[in-house]
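What follows is a set of notes on a single structure, which appears directly below.
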Amino acid sequence: MDERYYRLIEDYSKKTIGTEDLTDLLTWVESSQENQQIFRETLKAFEAADHSLNKPVNQQKSWLAIQQHIESNTEQPPLIKKIKYHRYLKIAAAILVITVLPILYLTRSHPKKTATIAYHEIYNPRGQKRLVTLPDGSNIYLNGDSKIRYALNFNTGKRIVYLSGEAFFDVQHRSKQPFIVHTGKVSTTVLGTSFNINAYPSSGNIAITVQTGKVGVVFKDKRKAAPVQFLLPNQQLSINSSNGQANKHQVNAVDYDSWREYKIFFHDKPLIEIAEVIAREYDLDIEIKKEALKGVKLTAKFDKCSVKQIMDVIAKLSDSKYTIYENKLIIY
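Written out as structure tokens, the structure is:
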């Protein structure tokens with residue numbers, strides 16, 4: 001195995017790994033079951049050793065922790081045990097090297113010259129849907145008031161897209177070119193699959209829903225990098241875009257990308273969020289007069305209905321009234 005991945009796992013265990021390195025590590029882990037096993041075992045060894053540059057490292061304790069971890073797997077076949085022992089020796093050796101490296105060398109800043117990257121940006125206004133085909137053949141369906149950005153040299157190296165708003169992705173499979181979607185502090189990495197991301201800044205929440213394939217999702221800010229969360233078909237991960245708190249649950253994935261067919265679906269959502277959906281769908285400005293109405297939660301599904309048909313139902317469910325004047329919907 002490439003020694004570089006030992007370093008990346010070490011950085012991951014200390015929560016100091018960068019976004020690009022984290023993407024590389026995630027892609028490597030997902031490439032085989034053997035790599036997944038190596039990742040789990042190596043991560044445990046690093047955590048057991050508890051080495052950190054923020055406090056003195058007890059070399060004897062580090063060696064002891066690794067040896068105890070190795071001995072805890074005594075039921076393994078002799079050949080496997082021998083290979084694992086050699087692996088942990090490498091980790092332990094790396095720990096000892098860290099204890100004698102000068103701190104200034106480890107923390108010195110090395111300015112890097114960064115090349116200017118030209119981007120292609122596409123914005124889709126309220127009340128419209130748009131299909132965008134990327135240079136690699138992947139399709140992105142943009143919902144209203146949504147924007148994507150990707151490099152003009154997108155088809156070389158990693159395939160990276162930046163999203164604000166909502167989009168459904170149908171990604172072409174390329175085993176050596178991961179497809180990465182950045183939405184604020186959340187990164188979603190795939191090789192080839194289809195999934196929906198809802199990441200409107202006003203909601204304070206990011207929802208990733210998988211229709212086919214498998215994706216890995218990471219929340220990362222300056223303070224921490226949360227563990228990778230893997231999603232399978234009909235699974236959804238909802239993430240608080242501020243603190244990274246996540247909730248994974250089973251859903252019917254097709255409901256969450258039905259907006260592509262001009263359908264509206266919401267499950268146990270407050271009226272204030274439903275109003276935002278209607279505003280984007282029908283290009284309306286919306287005002288809710290009564291504060292108490294904003295938190296009323298509703299569940300409903302509409303198939304290519306007019307805004308009047310939708311509001312008649314919502315008014316009945318929420319015990320409210322509404323009026324539409326010019327381009328404004330008022331709920332009271």
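Each residue of the sequence shown is one higher than the one before, starting from 1 at the first, in UniProt numbering.
We put the CB at the ideal spot given by N, CA and C, even for glycine.
For residue 151 against residue 200, the beta-carbon gap comes to about 24 Å, at or over 8 Å, which does not count as contact. DSSP places residue 314 in the uninterrupted alpha helix (DSSP H) bounded by 307-318.
In chain order, 168, 209, 256 and 257 place their CB closer than 6 Å to the CB of residue 196, counting only its own chain and leaving out the 5 sequence neighbours on each side. Closest in alpha carbon position to residue 161, among 122, 145, 176 and 174, is 122. One alpha carbon belongs to residue 301, the other to residue 307, and they sit about 13 Å apart.
Rounded to whole angstroms, residue 140 and residue 290 show a C-alpha spacing of 38 Å.
Within the model, the alpha-carbon separation for residue 203 versus residue 273 is close to 8 Å. Residue nearest to residue 126 within the set 311, 6 and 142 is 142 (criterion: CA-CA distance). For residue 228, the three-state secondary structure derived from DSSP is coil. Of the other Cβ atoms in all chains shown, fewer than 16 fall within 10 Å of the Cβ of residue 157; this residue is therefore exposed.
The Cβ neighbour count for residue 12, taken over all protein chains shown within 10 Å, is at least 16; the residue is labelled buried. Around the Cβ of residue 313, a 10 Å sphere holds fewer than 16 other Cβ atoms; the residue is exposed.
In the DSSP annotation of this structure, the continuous segment of the alpha helix (DSSP H) that includes residue 7 starts and ends at 3-13.
DSSP places residue 132 in the strand class (E or B) of the three-state scheme. For residue 151, the three-state secondary structure derived from DSSP is strand. Assigned with DSSP and collapsed to three states, residue 119 falls in strand.
For residue 166, the uninterrupted beta strand (DSSP E) run begins and ends at 159-170, by DSSP.
Here residue 323 is exposed, its C-beta having fewer than 16 other C-beta atoms within 10 Å. It is roughly 52 Å from the alpha-carbon of residue 39 to the alpha-carbon of residue 311.
Contact annotation, residue 246 with residue 234: C-beta distance approximately 17 Å; criterion of less than 8 Å not satisfied.
Residue state for residue 296 is assigned as coil, using DSSP reduced to three classes. In this structure, the alpha-carbon of residue 165 lies about 27 Å from that of residue 317. In the three-state DSSP reduction, residue 44 falls in the helix class (H, G or I). With fewer than 16 other Cβ atoms from the protein chains shown falling within 10 Å of its own Cβ, residue 32 counts as exposed.
Going by C-alpha positions, residue 304 is about 11 Å away from residue 265.
Residue 184 is positioned such that its CB atom lies no closer than 8 Å to that of residue 280. No Cβ-Cβ contact shorter than 8 Å links residue 28 with residue 6. For the set 230, 220 and 154, the Cα lying nearest the Cα of residue 117 is the one of 154. The residues 321 and 322, in chain order, have a CB closer than 7 Å to that of residue 315 in the same chain once the five nearest residues on each side in sequence are set aside. Nearest to residue 182 by alpha-carbon distance, out of 213, 172, 149 and 191, is 149.
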